[in-house]
Each structure stands twice: as structure tokens, then as C-alpha cells.
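Participant:
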Amino acid sequence: MWWSLGLTGYPLGHSISPLLHQAALQASGLAGEYKLYPIPPDDRVLIDLQDLCKQIRDHRIDGMNVTIPHKRLIIACMEALSQTAIATGAVNTVYLKDGVLYGDNTDVEGFLRDLDNLMNSRGILAGIGMKTKRHALVLGAGGSARAITYGLSENGWQVSLAVRRMEQGIQLVDEMVENIKPHPTFPMNVLLLKNENLSKWVMDRTGDICLLINTTPIGMWPHSDESPWIEGDPFPQFTFVYDLIYNPVKTKLIRQAESQQVKGVTGLGMLIEQARLAFERWTGLNVPGYVFWDAVKKGRYGHDE
Ligand code: NAP
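For the sequence shown, the numbering used here begins at 7 and goes up steadily by one.
(1) How far does the beta strand (DSSP E) with Lys-41 in it reach, from first residue to last?
(2) Identify the continuous alpha helix (DSSP H) that holds His-27 and give its terminal residues.
(3) At the level of alpha carbons, what is the spacing between Lys-41 and Asn-195?
(4) Nearest-angstrom Cα distance between Gly-270 and Gly-175?
(5) So, is Ala-82 buried or exposed, given that buried needs 16 or more other C-beta atoms within 10 angstroms?
(6) Would you mind working out which of Leu-36, Lys-77, Val-179 sits nearest Met-7, comparing C-alpha positions?
(7) Given Arg-119, which residues of its chain have a CB within under 7 Å of its CB, disregarding the five upstream and five downstream residues?
(8) Specify, as a first and last residue, the run of the alpha helix (DSSP H) that Gln-164 falls within.
(9) Assign Val-114 to buried or exposed, taking buried as 16 or more other Cβ atoms, counted over all protein chains shown, within 10 Å of its Cβ.
(10) Could you give the uninterrupted runs of the beta strand (DSSP E) lying entirely in the stretch 203-259, keeping only those of 3 residues or more?
(11) Quick one: does the C-beta of Pro-17 sit closer than 8 Å to a heavy atom of the ligand SAH?
(12) Compute every distance between the C-beta of Ala-91 and the non-hydrogen atoms of the ligand NAP, then say whether any falls below 8 Å.
(13) Which whole-angstrom value is the C-beta distance of Val-297 and Ala-30, which I expect to be below 8 Å?
(14) Going by the CB atoms, is the gap between Arg-63 and Ser-10 shorter than 9 Å?
(15) Assuming Thr-374 and Leu-218 form a contact by the criterion Cβ under 8 Å, report the distance between their Cβ atoms to the nearest whole angstrom.
(16) With a 10 Å radius around its C-beta and 16 neighbouring C-beta atoms as the bar for buried, classify Gly-105 as buried or exposed.
(17) Between the Cα of Arg-50 and the Cα atoms of Ser-159, Glu-160, His-76, which residue gives the shortest distance?
(18) Who are the near neighbours of His-27 in its chain, counting only those whose CB is closer than 7 Å to its CB and skipping five residues on each side?
(19) Any beta-carbon of chain B closer than 9 Å to the one on Gly-295?
(20) Below 8 Å, is the gap between the Cβ of Tyr-146 and the nearest heavy atom of the ligand NAP?
(21) I'd like to check one pair, Gly-146 with Asn-201: are the Cβ atoms closer than 9 Å?
(22) Tell me the rounded alpha-carbon separation between Glu-85 and Val-208.
(23) I need the straight-line Cα distance from Gly-116 to Leu-283, nearest angstrom please.
(24) Beta-carbon separation of Ile-154 and Ala-168 under 9 Å?
(25) In its own chain, which residues sit with a C-beta less than 8 Å from the C-beta of Ser-21, not counting the 5 before and 5 after it?
(26) So Gly-69 packs on Trp-227, CB below 8 Å; how close in whole Å?
(27) Counting beta carbon pairs with one atom in the stretch 259-277 and one in the stretch 96-103, are three or more of them shorter than 8 Å?
(28) Which whole-angstrom value is the C-beta distance of Asp-110 and Thr-90, which I expect to be below 8 Å?
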């Protein structure tokens with residue numbers, strides 16, 4: 007069998023997904039390809055997405071990843087959705103499941119798996135006390151914030167949000183209240199990002215908040231000198247900073263944290279885990295994580311700063 011896999015979104019020029027999935031195909035001994043299907047967000051976007059989905063229906067494409075800006079729009083083309091896709095309102099993995107066009111979201115589990123890896127095998131979180139304290143501060147309230155908030159809340163974490171538009175933060179909380187039942191970790195706090203009161207609020211919770219996650223694009227290459235955290239503001243001790251951005255390799259936010267002896271990582275681990283999960287959904291094969299990490303090392307991805 008020839009495996010025809012791919013990615014849609016726009017623009018796709020810098021995507022490292024082909025590198026990851028080609029390595030997975032090779033490591034599994036499967037013949038196939040992973041192609042890019044850029045679809046611009048213009049008047050034709052829904053027709054183009056429907057055409058692409060028809061190719062999956064007709065078995066001409068076996069698995070499709072979906073990225074910015076189509077993760078929400080593609081839902082209109084689906085015949086069934088996973089519980090995670092419903093709860094987050096976003097689809098990043100499409101395939102034919104039991105004969106129906108199925109939309110799933112592997113970002114949630116990808117993030118949780120990477121967090122678990124960090125706590126266990128990658129050993130980076132040793133000593134931070136993550137297993138007992140469970141309050142996270144999420145920066146941003148867009149698509150990935152929804153995935154992270156849902157994943158953490160489902161796993162018993164208390165989550166607070168720091169956002170630039172209060173109405174967006176409040177809407178996210180309302181959606182979570184709808185989707186997570188029972189929800190013992192509510193109410194969720196919604197605060198303003200880049201506001202002097204945020205740092206005070208966080209410092210008042212030193213020893214409580216143990217995870218700070220950036221889900222905004224602030225600091226993404228080529229704007230690598232920007233950060234969602236006000237310059238000079240302290241980070242609470244014993245907090246771990248997780249920046250979803252994976253290019254540059256080390257973001258300004260992580261450099262700010264490290265300058266205060268606070269540990270952190272960028273989002274490559276999550277990217278790898280969501281890709282691993284998508285590949286497993288399509289092929290049924292669980293490819294070990296090191297295959298993807300090796301591919302990234304050999305491929306020299308991203309900018310240094
Ligand atoms: P999104 O849906 O557009 O959400 C972005 C959020 O950040 C929104 O709440 C947005 O607020 C806020 N924001 C944007 N610019 C801001 C600014 N200058 N100041 C304050 N807030 C700002 O995007 P997304 O899909 O969540 O992706 C966000 C980032 O996560 C991207 O860098 C993406 O590459 C990364 N990501 C990584 C992974 C991974 O596997 N590592 C997975 C998914 C996403 P407004 O609505 O007001 O603009």
C-alpha cells in the first residue's frame with residue numbers, strides 16, 4: 007500500500023511536519039509521502055477544503071493534518087468528530103474512520119503527553135513539585151489555549167487565564183464550563199496580559215501556580231525579541247514555563263525565565279507528540295518518539311534566536 011498523507015493550512019512554507027512524518031513512514035517501513043496542500047483563506051476556502059476532504063473520502067488521501075487558519079473551518083466538512091474536537095472546537099487530524107470522514111484533535115493529548123514526558127523520562131521537571139501542586143496560568147485565549155485549558159482541566163488542574171481581550175477569556179471559560187463535567191477546578195480566573203497587576207497576582211500565588219504556558223504567538227520568529235511577559239517582572243519560584251512556540255529554538259520568554267533561574271521549554275515536544283498521535287490514528291502504528299527527535303536534529307529546524 008502507498009500511504010498518501012499531508013497537511014493543509016496557510017502559509018505552510020516553514021512547516022516541519024513533512025520532516026516528522028517522512029521519518030515516521032521510513033521508520034515503519036511504509037511506502038508513502040507527506041504532501042503540503044496550502045489553501046489560502048480567500049472566498050474559495052470552503053470549496054477547496056471540501057475538495058480536499060473528498061479526496062480523503064475517495065481513498066486518494068489516507069490522512070490529513072490541519073493547521074492555522076483552518077482548524078475551525080474544516081469542521082464544516084466533517085461527518086463525525088472526536089469528543090476532544092467538539093470540546094476544543096478545532097480539528098487538526100482528519101481521516102476515514104469506520105467509513106466516515108472523522109475530525110480529531112491531537113493537540114490536547116500531544117501537550118499532555120509532552121508534559122508527562124517532561125515530568126518523567128525527560129526529567130526536566132524533577133524537583134518542581136508538579137505532581138502535588140496543580141494550578142496553571144495560561145497566556146492567551148485562542149485555539150491552542152482552548153486545547154491546553156481543556157486538557158489540563160480534564161486532568162484535575164486549576165487553570166487561570168491572562169488575555170488581552172477580557173471578552174475572549176470569558177468566552178473560553180464559558181465554553182469550558184459547557185464541555186467539562188463535572189468541573190471541580192472552577193471558577194477560572196481571567197486576568198489581563200501585559201498588565202502590572204498580573205505579576206503581583208502571580209507572585210501572591212508563589213508555591214501555588216507551578217506551570218505558566220504561553221499560547222500566544224508573541225515571540226514567534228521573526229519577532230524573536232518579543233515576549234508576552236513584561237521585561238523585569240518576576241516569575242514565581244518553582245514554576246515551570248512552557249512556551250508553545252517552537253521557532254525560535256529558545257524564545258525570549260524562556261530566556262527571561264532562565265535569567266531568573268526558572269526552567270522552561272519551547273513547544274517542539276508538543277509538536278512531536280501531536281504528530282506521533284496523528285500518525286498512529288492514520289496507520290495504527292506507534293512510532294517511538296526518538297524517531298521524530300532524531301529527524302528534527304538531522305533536519306536542523308528553526309532559528310537559534
Ligand atoms: P490563535 O488561535 O490565533 O490564538 C492566539 C491568542 O494569542 C489569541 O488569544 C490572541 O488574541 C492572542 N494574541 C495574539 N497576539 C497577541 C498580542 N500581541 N498580545 C496579546 N495577545 C495576543 O493562535 P493558536 O492557534 O492558539 O496558536 C498560538 C501559538 O501557538 C502559535 O505560535 C502556534 O505556532 C503555537 N502552537 C504550537 C503548537 C505546538 O505543537 N507546539 C500547537 C498549536 C499552536 P487576539 O484574538 O486578541 O488576537
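Glycine residues also receive a C-beta, built at the ideal position from the N, C-alpha and C atoms.
Facilitator: Well, looking at it:
(1) By one-based count along the sequence shown, residue 41 stands at place 35. Residues 37-44.
(2) Here residue 27 corresponds to residue number 21 of the sequence shown, with the count starting at 1. Unbroken alpha helix (DSSP H) run through His-27: 23-34.
(3) As a first step, residue 41 is located in the sequence shown; it is residue number 35 there, counting from the start. As a first step, residue 195 is located in the sequence shown; it is residue number 189 there, counting from the start. Roughly 42 Å separates the two Cα atoms.
(4) On the sequence shown, position 264 is the one that residue 270 refers to. On the sequence shown, position 169 is the one that residue 175 refers to. C-alpha separation (whole angstroms): 24 Å.
(5) Taking the sequence shown and counting its residues from 1, the one referred to as residue 82 is at position 76. Exposed is the call here.
(6) Your numbering for residue 7 matches position 1 in the sequence shown. Shortest Cα-Cα distance from Met-7 to any of Leu-36, Lys-77, Val-179 involves Leu-36.
(7) For the purposes of this step, residue 119 is taken as the residue at position 113 of the sequence shown. Counting only Cβ-Cβ distances below 7 Å, and skipping sequence neighbours, we find Glu-279.
(8) Taking the sequence shown and counting its residues from 1, one reaches residue 164 at position 158. Where Gln-164 is concerned, there is no enclosing alpha helix (DSSP H), although the beta strand (DSSP E) it sits in stretches over 164-169.
(9) Within the sequence shown, numbered from 1, the residue matching residue 114 stands at position 108. So Val-114 ends up on the buried side.
(10) The qualifying runs are 215-220, 246-249.
(11) For the ligand SAH, the structure offers nothing, since it holds only the ligand NAP.
(12) Here residue 91 refers to the residue found at position 85 of the sequence shown. Every heavy atom of the ligand NAP is 8 Å or more from the Cβ of Ala-91, so no.
(13) Taking the sequence shown and counting its residues from 1, the one referred to as residue 297 is at position 291. Taking the sequence shown and counting its residues from 1, the one referred to as residue 30 is at position 24. The pair is a contact, with the Cβ atoms about 6 Å apart (cut-off 8 Å).
(14) In the sequence shown, the residue the question calls residue 10 occupies position 4. In the sequence shown, the residue the question calls residue 63 occupies position 57. The answer is no: Cβ separation not under 9 Å.
(15) This structure leaves residue 374 out entirely; the chain is present only between 7 and 311.
(16) Start at 1 with the first residue of the sequence shown, and residue 105 comes out as number 99. Counting Cβ neighbours within 10 Å, Gly-105 comes out exposed, since fewer than 16 surround it.
(17) Position 44 of the sequence shown, counted from the first residue, corresponds to residue 50. Considering only alpha carbons, the answer is His-76.
(18) Translated into the one-based positions of the sequence shown, residue 27 becomes position 21. The answer, listed in chain order, is Leu-11, Tyr-40, Ala-281, Phe-285.
(19) Given the protein chain composition of this structure (a single chain), no chain B is represented.
(20) Start at 1 with the first residue of the sequence shown, and residue 146 comes out as number 140. Tyr is not the amino acid found at residue 146; the sequence shown has Gly there. Checking the Cβ of Gly-146 against the ligand NAP gives yes.
(21) If you number the sequence shown from 1, residue 201 lands on position 195. If you number the sequence shown from 1, residue 146 lands on position 140. Not in contact: Asn-201 and Gly-146 (Cβ atoms no closer than 9 Å).
(22) Within the sequence shown, numbered from 1, the residue matching residue 85 stands at position 79. Within the sequence shown, numbered from 1, the residue matching residue 208 stands at position 202. Straight-line Cα distance between these residues: approximately 43 Å.
(23) Within the sequence shown, residue 116 is the residue found at index 110, counting from 1. Within the sequence shown, residue 283 is the residue found at index 277, counting from 1. Taking the straight line joining both Cα atoms gives about 7 Å.
(24) Residue numbering aside, residue 154 sits at position 148 when the sequence shown is read from its first letter. Residue numbering aside, residue 168 sits at position 162 when the sequence shown is read from its first letter. Going by C-beta atoms, Ile-154 is not nearer than 9 Å to Ala-168.
(25) Sequence index remark: in the sequence shown, residue 21 carries index 15 (1-based). Beyond the five residues adjoining it in sequence on each side, Ser-21 comes within less than 8 Å, by CB distance, of Leu-13, Gly-15, Leu-42, Thr-73 in the same chain, given in chain order.
(26) Residue numbering aside, residue 69 sits at position 63 when the sequence shown is read from its first letter. Residue numbering aside, residue 227 sits at position 221 when the sequence shown is read from its first letter. So it is not a contact: roughly 28 Å between Cβ atoms.
(27) no
(28) Start at 1 with the first residue of the sequence shown, and residue 110 comes out as number 104. Start at 1 with the first residue of the sequence shown, and residue 90 comes out as number 84. About 7 Å; that satisfies the 8 Å criterion.
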